[in-house]
Amino acid sequence: MTMLLFLIPVALFLGGLGLVAFLWALKSGQYEDLDGAAERIFIENDENPETAHARPRR
Amino acid sequence: MSCCAPGTEGGLDATRLPGIDELRLESRALGNGLMQTELSVPAIHCGACITLIERELGSLDNVESARVNLSSRRVTVCWKDDGAPQFVEKLSGLGYPAHLFDTEAAESDKTRSELMRAIAVSGFAAGNIMLLSVSVWSGADGATRDLFHWLSALIALPALLFAGRIYFRSAWNALKHGRMNMDVPIALGVSLAFGMSLYETLHHGEHAYFDASVSLLFFLLIGRTLDHVMRDRARAAVKGLVRLSPKGAVVLREDGSRNYLPLGEITVGMQLLVAAGERVPVDGIVVDGLSDMDCSLVNGESAPQPTNKGDAVRAGTLNLTGPLTIRVTAVARESFLAEIVRLMEAAESGRGTYRRIADRASALYSPVVHLTALLTCIGWLFVSGDWHRAITIAIAVLIITCPCALGLAVPIVQVVAARRLFENGIMVKDGSAMERLAEIDTAVFDKTGTLTAGHPVATSIFSESPRALEIASALAALSRHPSARAIVDAYPASTLPFEEVREHPGLGISAQLGGKRYRLGRACWALRDPETAAGAATVLGVEGACGAGFSFTDRLRADAPQVIATLRSAGIAIEMLSGDRTAAVTETAKALGIDHWQAEVLPGDKVGRLNELALEGHSVLMVGDGLNDAPALAAAHVSMAPASAADIGRNAADFVFLRESLSAVPLALSVSREAGKLIRQNFALAIGYNALAVPVAILGYVTPLVAAIAMSVSSILVIANALRLRAPTLQPEKGEGRAPALEVAAP
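Line by line, the protein sequences give chains S and A.
Counting in the numbering used here, the first sequence runs from 1 upward without gaps.
Counting in the numbering used here, the second sequence runs from 1 upward without gaps.
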């Protein structure tokens with residue numbers, strides 16, 4: 001029985017981690033442009049890494 | 001807010017649209033002197049476009065950042081408000097025509113992310129509680145069961161409060177106004193289930209329904225989100241199309257200076273500049289200039305009208321060839337456009353009486369379910385005299401009848417149907433449009449721009465030699481008058497080295513070639529003796545002699561005859577109402593075999609005819625594109641418009657089709673009818689499930705395990721049934737010529 005005492009919190013914590021990760025992804029606009037993300041990995045932006053991450057403010 | 005150097009507006013080129021002032025009007029201030037503008041750029045289609053646009057826009061002065069969204073075909077530009085970055089011009093220069101995008105779209109994004117967060121939280125809670133419940137069902141008892149119940153309660157409470165507030169809010173609003181909606185039994189069922197389970201947990205009971213209450217919420221939220229996303233996408237796609245009515249106009253002051261003013265600040269008596277290619281913003285009288293006006297969107301007339309000094313022009317007409325100065329005779333809210341809006345608002349009330357299938361079902365559903373639960377409670381009280389048992393069983397009845405499958409039955413079918421239509425270039429505004437379309441028995445078509453392509457096709461009625469035709473075409477290529485465009489389309493020719501090319505607004509175009517003077521345009525202007533070219537609308541004059549003559553007809557849309565035939569065979573009566581002249585309408589009616597038609601119809605009369613039909617008991621589909629159709633589109637039982645329609649009409653229409661082909665009409669009809677059938681099947685499934693489950697619940701045999709299985713199975717059945725609509729057997733896909741109009745991001 002004692003193993004329940006740490007297994008359940010561990011399970012809930014891991015699940016909660018997934019939930020928080022999803023909410024964060026949603027909030028930071030990761031789902032805004034699914035088609036664009038697929039194309040962007042082919043874009044070389046080496047010369048100017050700063051603007052590559054510039055993103056409109058919400 | 002402007003820190004623009006004075007005088008910048010004075011130098012503003014009138015042909016540039018949108019100007020900097022309109023840009024500022026449509027942008028959102030971010031603080032720190034930063035502005036953010038959303039542009040809709042339908043031509044974006046690949047990764048190379050992203051790189052090009054972001055690099056080129058980013059290199060402009062004052063542009064802070066530019067970000068392309070490939071899914072929605074939008075560009076978000078952040079710029080410093082101390083100069084005017086010309087990104088619209090830059091984009092057009094790169095070959096990407098851009099339109100300003102209303103920033104109000106952010107509002108519906110908020111609802112969507114609220115729904116998404118609610119789904120995530122309820123999904124997480126449902127999954128974890130289900131795991132704990134499985135341990136309880138498989139034999140955990142005593143202290144372990146209590147521990148699991150307590151944990152479930154701890155997870156369920158915040159989840160219900162967070163994810164359930166959408167339903168609680170809506171149910172409360174309905175009750176406050178003395179109405180019933182589907183959310184009332186949901187809110188009641190979920191909260192009672194939670195309350196009872198908490199009571200059971202406190203008293204070390206065996207059955208707790210935490211899993212049922214949370215997974216119910218989870219399933220229902222999925223249905224609601226799908227419904228929302230579908231409507232949202234269609235709305236965004238429609239908004240992204242070209243906006244036709246200008247937001248402002250260039251005002252010419254008495255001292256010769258120019259100002260760009262928003263429409264609301266323009267008053268009667270002001271003088272406005274309308275450049276070639278612009279739409280007239282308000283009603284007015286031409287005080288200077290000579291041009292041709294395209295009135296097709298305003299009154300359905302297909303031929304361009306020559307406009308001279310002293311002529312009246314109506315808001316919404318397109319100035320084709322020469323710049324005009326007009327004196328304002330009516331302010332924006334009294335212009336022709338505003339009159340149309342008033343007619344539309346009056347007409348809109350007629351459609352308000354339609355109630356969606358889901359609403360009609362829930363009006364019946366809630367009383368029946370609540371009465372059943374109440375009777376069960378009273379019945380068990382009499383039989384056993386045990387309060388606790390009676391209430392437990394009554395709540396079990398509420399849980400088992402909670403409209404889980406019912407809540408999914410309608411949206412899931414409509415989402416699948418809307419997606420099918422999307423793939424064929426048809427956008428649906430909302431689900432009820434499909435329900436209404438399935439009911440129609442009469443279809444009313446507009447002529448210009450709907451049954452016909454809306455632009456003329458040229459035929460040469462005589463020509464001196466093939467060389468004359470070639471010269472006429474090469475000369476026509478230099479003008480943007482629709483007649484000239486039609487000649488180029490009909491008789492393509494290579495360019496010739498013309499000299500001294502001059503366009504004469506309202507008359508035609510003239511040029512020198514090989515020492516000869518050519519004129520292409522009106523016979524009375526191009527020819528010495530206009531009688532020699534009787535019957536021709538446009539002629540080629542060679543030193544005043546007739547070289548070639550052309551006549552123009554409006555071309556039918558490619559598959560209009562088949563579409564009319566298909567609709568007839570589906571039992572739909574066909575009518576045509578047009579604002580065009582009787583002769584042109586008769587010809588079209590003959591070509592299509594339409595018996596019932598009216599010509600020279602005013603916007604108000606179109607509405608009148610639709611109301612007449614409605615009074616006779618017909619459900620009418622209106623298909624039209626012009627401004628003059630907009631009130632009729634709003635008045636009809638259901639309406640469709642092509643993407644080329646006036647934006648006001650496009651907003652009034654329930655369906656918008658993006659491709660050239662009219663086959664969108666029968667396709668939408670057949671998909672809607674099929675969807676209606678599937679919705680009824682889904683209702684039958686949901687009711688059948690209740691007929692099985694409710695007696696079991698009333699007899700007191702429902703445990704949390706039974707409830708969980710019953711709910712999941714019924715939901716999956718309903719979803720699986722809806723997915724049958726995706727089967728390609730419904731109607732063979734037509735290999736129609738895809739118009740280059742606009743591609744919308746596939747869902």
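Virtual Cβ for every residue (Gly too), placed ideally from N, Cα, C.
Small disclaimer: the values here were computed from a predicted structure and weren't measured.
What residues match up with residue i in a beta bridge as DSSP calls it?
i, result
"MET427(A)", "VAL656(A)"
"LYS80(A)", "LEU34(A)"
"ARG74(A)", "SER40(A), ASN69(A)"
"PRO642(A)", "PHE657(A)"
"ARG502(A)", "SER510(A)"
"LYS516(A)", "LEU513(A)"
Quick check on this structure: which residue in the options has the alpha carbon closest to the alpha carbon of residue i?
i, options, result
"ALA11(S)", "PHE124(A), ALA472(A), LEU621(A)", "PHE124(A)"
"TRP79(A)", "LEU30(A), GLY127(A), LYS90(A), HIS45(A)", "LEU30(A)"
"GLY256(A)", "GLY248(A), MET270(A), LEU263(A), GLY264(A)", "MET270(A)"
"LYS90(A)", "THR111(A), LEU100(A), LEU57(A)", "LEU57(A)"
"SER113(A)", "GLY95(A), THR225(A), MET130(A), LEU131(A)", "THR225(A)"
"LYS447(A)", "SER463(A), CYS402(A), LEU577(A)", "LEU577(A)"
"LEU669(A)", "GLN598(A), GLY544(A), ALA438(A)", "ALA438(A)"
"GLY547(A)", "ILE50(A), ASP529(A), VAL585(A)", "ASP529(A)"
"ARG74(A)", "ILE41(S), ASP35(S), PHE42(S)", "ASP35(S)"
"LEU592(A)", "GLU616(A), GLY579(A), THR452(A), SER510(A)", "THR452(A)"
"GLY223(A)", "VAL287(A), VAL331(A), ALA358(A)", "ALA358(A)"
"ASN69(A)", "ARG55(A), SER40(A), GLY541(A), PRO85(A)", "SER40(A)"
Ignore the nearest five residues each way along the sequence and tell me which others in residue i's own chain have a CB closer than 7 Å to its CB.
i, result
"ALA159(A)", "VAL121, SER122, ALA125, VAL214"
"LEU496(A)", "ILE471, ALA474, LEU513"
"SER715(A)", "PHE219, CYS404, ALA405, LEU408"
"ASP183(A)", "TYR167, SER170, ALA171, ALA174"
Should residue i go down as buried or exposed, given a rule of 16 or more other Cβ atoms within 10 Å for buried?
i, result
"SER569(A)", "exposed"
"LYS590(A)", "exposed"
"ASN628(A)", "buried"
"TYR518(A)", "buried"
"GLY508(A)", "buried"
"TYR689(A)", "buried"
"PRO695(A)", "exposed"
"TRP137(A)", "exposed"
"PHE382(A)", "exposed"
"SER465(A)", "exposed"
"ARG67(A)", "buried"
"GLU660(A)", "buried"
"ILE41(S)", "exposed"
Compute the Euclidean distance between the alpha carbons of residue i and residue j, then round it to the nearest angstrom.
i, j, result
"VAL229(A)", "THR307(A)", "46 Å"
"VAL656(A)", "ALA643(A)", "6 Å"
"LEU4(S)", "SER135(A)", "12 Å"
"VAL268(A)", "PRO603(A)", "25 Å"
"THR2(S)", "ALA187(A)", "38 Å"
"ILE421(A)", "VAL665(A)", "In the sequence under discussion, the amino acid at residue 421(A) is Leu, which differs from the Ile named in the question. LEU421(A) and VAL665(A): Cα-Cα distance of roughly 11 Å."
"GLY425(A)", "PRO97(A)", "20 Å"
"THR566(A)", "ALA636(A)", "21 Å"
"VAL242(A)", "ASN62(A)", "Residue confidence is low: VAL242(A) scores 45 on pLDDT, short of 50, so the model does not pin down where it sits. Its coordinate-derived value is still stated next. Those two C-alpha atoms are separated by around 26 Å."
"HIS204(A)", "PHE13(S)", "26 Å"
"ALA468(A)", "ASP605(A)", "46 Å"
"TYR31(S)", "ALA652(A)", "30 Å"
"PHE22(S)", "SER59(A)", "35 Å"
"ALA630(A)", "ARG165(A)", "39 Å"
"ALA394(A)", "ALA708(A)", "17 Å"
"LEU26(S)", "ALA338(A)", "41 Å"
"GLN681(A)", "THR372(A)", "24 Å"
"SER92(A)", "ASN721(A)", "47 Å"
"GLY178(A)", "HIS388(A)", "31 Å"
"ILE129(A)", "PHE148(A)", "9 Å"
"SER639(A)", "LEU621(A)", "5 Å"
"GLU64(A)", "VAL77(A)", "8 Å"
"GLN562(A)", "GLY29(S)", "46 Å"
Got a sec? Which residues, its chain only, sit under 6 Å from residue i by beta carbon, not counting five neighbours each side?
i, result
"ALA54(S)", "At ALA54(S), the pLDDT of 47 sits below 50, so the modelled position is not reliable and the matter cannot be decided from this model."
"SER432(A)", "ARG356"
"GLY248(A)", "GLU22, TYR260, LEU261, PRO262, LEU263"
"ALA645(A)", "ASP625"
Leaving out five residues on either side along the sequence, give the residues of the same chain with a beta carbon under 8 Å from the beta carbon of residue i.
i, result
"GLY535(A)", "ILE461, GLY549, SER551"
"THR325(A)", "LEU252, GLN271, LEU272, LEU273, VAL274, VAL286, VAL287, ASP288, GLY289"
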